[in-house]
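See below for the structure under consideration.
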Amino acid sequence: MFALRNTVSNIFQKRAFSASASQATKVAVLGAAGGIGQPLSLLLKLNNKVSDLALYDIRGAPGVAADISHINTDSKVAGYNPTPEGIRDALTGAEIVVIPAGVPRKPGMTRDDLFNTNASIVRDLAKACAEHCPEAKLLIISNPVNSTVPIVSEVFKAAGKYDPKKLFGVTTLDIVRASRFISQVKSTDPAAEVVPVVGGHSGVTIVPILSQTSHPDISGEARDALVNRIQFGGDEVVKAKDGAGSATLSMAFAGARFADSLLKAAEGQEVVECTFVESPLYAKEGVDFFASKVTLGKEGVKEIHPVGQINEYETELLKACLNDLKKNIQKGRDFVKSN
Ligand code: NAI
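Read in order, the letters of the sequence shown are residues 8 to 346 in my numbering.
This is the structure:
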């Protein structure tokens, strides 16, 4: 079942202020003092499946941790400074590491424009993860996700620690946006709207499969406008923030939802999310990372679902996606090999 737990109330449904986590689960956030990192850490503090929250950043993590630690849920929160001991202690024992470290877009920038800065940040953090928590599930938020995820895989391969079942590019914001935007077109409850979004996480690599929703009738200009809004929704936020960054609050919500899905899966529930993982679906076309519906299990990726039946229009979208995605993935790989 592709169940979308799409509302804040659902995320917090099982929260009890005095409840303790059902099992000890340490979650680390790298980039925790940033625009995404702070609200994401706050939402993770409200998740009773988290027993320990480790907040790491190159600046400001202890302050964020002190602030969040006063919230009356049972988990422990600690902030870590950018020292070898700081990153080691933040990561040791972590079952989940969420990485929103890096710079966000400014108006006029594509996600690929962030590559030069974020590639080395993600590479170095991945090295630290491979050293201190090689078994952890890694959730990559830092853009460009289409390239940063392959970067992490190459780093882990070089360290002899790679498990493709445990590496995820977080594309949940595309899913969240798609269900919200389609509900606005159709005047429906967004929580009830399920829109698979496959491919990657930037521009035309984002492929919403509207034919598999409860509104396959959307066509013509309305369909084109909706698809464009889902693909380029991030630009609306970048423009509105006018130089002050990109989506942070909605991204924190989406990241917290994806982390919650993995925590549920670790407890034995089967959860399906669209996410960008190493995938056999288009490997023959030279695209070996791809976002599609994935059943999550205790070990991470349990089953990768094919895209399924799509119409002619979506076939064209997919073609454009694969073309770009292939280059984005290669760019990530080449970076690790040559740096
Ligand atoms: P931000 O600039 O507000 O925060 C980034 C944080 O990372 C800062 O606190 C900074 O000190 C920290 N940082 C930088 N280098 C670091 C390092 N080596 N180790 C640890 N921390 C480090 O940026 P924001 O808005 O939080 O965005 C973060 C990233 O998330 C950007 O790359 C952005 O493009 C991406 N993003 C991804 C989305 C997705 O759907 N996957 C959606 C929106 C943004």
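We treat Cβ as the ideally placed atom computed from N, Cα and C, and that holds for glycine.
Please read these numbers as outputs of a predicted model, since none were measured by experiment.
Own chain residues within Cβ distance below 8 Å of residue i, not counting five before or after
| i | result |
| --- | --- |
| residue 239 | 210 |
| residue 154 | 119, 122, 126, 335, 336, 338, 339 and 342 |
| residue 261 | 177, 179, 180, 182 and 183 |
| residue 325 | 205, 206, 214, 314 and 317 |
Rounded C-alpha distance that separates residue i from residue j
| i | j | result |
| --- | --- | --- |
| residue 312 | residue 90 | 41 Å |
| residue 246 | residue 285 | 32 Å |
| residue 333 | residue 201 | 27 Å |
| residue 132 | residue 37 | 8 Å |
| residue 244 | residue 291 | 36 Å |
| residue 220 | residue 191 | 14 Å |
| residue 268 | residue 156 | 19 Å |
| residue 134 | residue 166 | 8 Å |
| residue 109 | residue 117 | 15 Å |
| residue 32 | residue 275 | 14 Å |
| residue 86 | residue 193 | 44 Å |
| residue 88 | residue 43 | 18 Å |
| residue 259 | residue 248 | 16 Å |
| residue 45 | residue 270 | 20 Å |
| residue 169 | residue 227 | 44 Å |
| residue 18 | residue 289 | Summary for residue 18: the model assigns pLDDT 44, below 50, so the residue's position carries little reliability; its value from the coordinates is reported in the next sentence. About 33 Å. |
Top-ranked residue by Cα proximity to residue i, from the options
| i | options | result |
| --- | --- | --- |
| residue 59 | 268, 224, 76 and 94 | 76 |
| residue 218 | 262, 196, 314 and 340 | 314 |
| residue 6 | 278, 181, 136 and 223 | Residue 6 lies beyond the stretch modelled for the chain, which goes from 8 to 346, so this question has no answer here. |
| residue 277 | 300, 71 and 215 | 300 |
| residue 113 | 253, 105, 32 and 42 | 253 |
| residue 146 | 175, 124, 160 and 159 | 175 |
| residue 78 | 54, 303 and 267 | 54 |
| residue 297 | 272, 86 and 330 | 330 |
| residue 96 | 128, 72, 62 and 49 | 62 |
| residue 111 | 287, 257 and 41 | 41 |
| residue 306 | 103, 289 and 255 | 103 |
| residue 115 | 344, 241, 295 and 70 | 241 |
| residue 50 | 71, 66 and 30 | 71 |
| residue 310 | 66, 67, 328 and 287 | 287 |
| residue 94 | 344, 136 and 67 | 136 |
Residue i beta carbon near ligand 3 (any heavy atom closer than 7 Å)
| i | result |
| --- | --- |
| residue 304 | For ligand 3, the structure offers nothing, since it holds only ligand 1. |
Check whether residue i and residue j have beta carbons under 8 Å apart
| i | j | result |
| --- | --- | --- |
| residue 34 | residue 101 | yes |
| residue 212 | residue 281 | no |
| residue 216 | residue 321 | yes |
| residue 152 | residue 283 | yes |
| residue 39 | residue 74 | no |
| residue 149 | residue 107 | yes |
| residue 225 | residue 188 | no |
| residue 272 | residue 250 | no |
Contacting residues, own chain, Cβ-Cβ under 6 Å from residue i (five flanking each side not counted)
| i | result |
| --- | --- |
| residue 308 | 172, 284 and 301 |
| residue 346 | none |
| residue 293 | 333 |
| residue 256 | 46 |
Own chain partners of residue i with C-beta closer than 7 Å, once the 5 adjacent residues on each side are dropped
| i | result |
| --- | --- |
| residue 47 | 36, 105, 107, 259, 262 and 263 |
| residue 52 | 60, 75, 78, 80, 82 and 84 |
| residue 159 | 129, 133, 145, 147 and 174 |
Given 8 Å, three or more beta-carbon pairs between the stretch 226 to 236 and the stretch 129 to 145: no
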